[in-house]
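For reference, the structure is listed below as structure tokens.
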Amino acid sequence: MQPAVINIFEKAAKKAGRILIRDFGEVENLQIQSKSIGDFVTNADIKVEKSIIETLKYYYPDYSYITEESGTIKGDENTIIIDPIDGTSNFIHGIPHVSLVIAKMTANEITDGIIYNPILNEFFWASKGQGAWCNNRRLRVSNRKILSDCLIGTGLPFGDGIYKDYLLEIDEILKVSAGIRRLGSAGLDLAYVASGKLDGFWEKDLNLWDISTGILLVTEAGGKISKLNGSKWTTKDRDILASNNYLHNDLVGKLSLQ
Ligand code: 2AM
Ligand code: CA
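This note's numbering applies: residue 751 is where the sequence shown begins, and numbers increase by one.
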């Protein structure tokens, strides 16, 4: 049974998802602006976010909101975090690996969240203690134990991002794994770890709206989240490592380079 908050997030995401699908069919007409080198926002991001906020404000008028495109709206101690399109670069290029992300955070803990890819019609949700789900199927992280069998996701820096150590990290993982994937949507990468498709994922310098729901999906699917050096991840951290429990220490060993 989906909790009430997930039903409301689903309603907001599916309504806004129709806007995203319509614009995905006409990417050649998109108005695109650059926030910084390689970091783009389209009129679709803005419209999708407006629609999500409008639906959620009806149910949660007093909450605080942290959003990628409209900034922060101050309210009570409950916070809703919104990324209208995670994977905007994919969207602009007509690659259907995109999603809407909505999460609820209270006392600096993510308690509920959804990730919705309207193009592939994949609806992921997780609530603390209620498991991780996709289209009514319960999710479990993979049970692969040996890195040489494993696919590991990552996100490469772009524009003026932080490149230090990235090539070393990639070198370490490439040598011991079955391969690396750079899919372009950190939220969906984490959903794929929760689904057992990717066995692990790491990335640096992320925003909370990229990974809010994803971290809950992974832990509710039986996986582990930490910083790259294995220490506890908090909602203030921008670097993340996610994997099943068998692989986590091995990945920390490969990624703790300093
Ligand atoms: P966004 O689409 O919401 O901006 C991790 O790679 C994150 O970086 C992605 O989830 C994506 O979130 C963001 N990002 C921004 N610009 C990017 C780019 N040029 N290539 C890949 N990811 C980008
Ligand atoms: Ca985004």
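For glycine and all other residues, C-beta sits at the position ideal for the given N, C-alpha and C. Quick caveat: nothing in here was measured; it's all calculated off a predicted structure.
Heavy atom of ligand 1 within 8 Å of residue i beta-carbon
| i | result |
| --- | --- |
| F790 | yes |
| T963 | no |
| L956 | yes |
| G909 | yes |
| E919 | no |
| E709 | The shown model of the chain, from 751 to 1008, leaves out residue 709, and the question about it has no answer. |
| G767 | no |
| T838 | yes |
| I832 | no |
| I902 | no |
| A763 | no |
| I860 | no |
| G934 | yes |
| E872 | no |
| G844 | no |
Residue i and residue j closer than 9 Å at C-beta
| i | j | result |
| --- | --- | --- |
| S892 | F951 | no |
| T805 | A766 | yes |
| V968 | V943 | yes |
| I923 | I912 | no |
| P868 | R768 | yes |
| F1030 | G844 | The first residue shown for the chain is 751 and the last is 1008, placing residue 1030 beyond what the model contains. |
| K982 | L991 | no |
| D696 | D989 | Lying before the first or after the last residue shown, residue 696 is absent from the chain, which here runs from 751 to 1008. |
| G909 | I787 | yes |
| L1005 | N979 | yes |
| A882 | F873 | no |
| E760 | Y866 | yes |
| S820 | I803 | yes |
| L770 | V848 | yes |
| L712 | E919 | Only positions 751 to 1008 of the chain appear in this structure, which leaves residue 712 out of reach. |
| L958 | I823 | no |
| K986 | N885 | no |
CB-CB length for residue i against residue j, believed under 8 Å
| i | j | result |
| --- | --- | --- |
| I852 | A794 | Actually they are not in contact, since the Cβ atoms of I852 and A794 sit about 16 Å apart, beyond 8 Å. |
| Y813 | G825 | 5 Å |
| N995 | G973 | 7 Å |
Top-ranked residue by Cα proximity to residue i, from the options
| i | options | result |
| --- | --- | --- |
| S935 | L924, A928, P834 | P834 |
| T963 | L870, K954, L850 | L850 |
| T984 | I860, L780, N779 | I860 |
| E818 | P811, I902, D960 | D960 |
| M855 | N871, Q880, N828 | N828 |
| S839 | K785, N886, C884 | K785 |
| R887 | L901, G946, G1003, D987 | G946 |
| G1003 | L901, A928, L897 | L897 |
| K878 | E970, I902, S801 | E970 |
In the region 772 to 841, which residue ranges form an unbroken alpha helix (DSSP H) of at least 4 residues, counting only runs that do not cross its ends? 793 to 809
Beta strand (DSSP E) runs contained entirely in the region 885 to 959, provided each spans 3 or more residues: 901 to 904, 929 to 931, 950 to 953
List, from N- to C-terminal side, the alpha helix (DSSP H) runs of 4 residues or more that fit wholly inside the region 954 to 1004. 958 to 970
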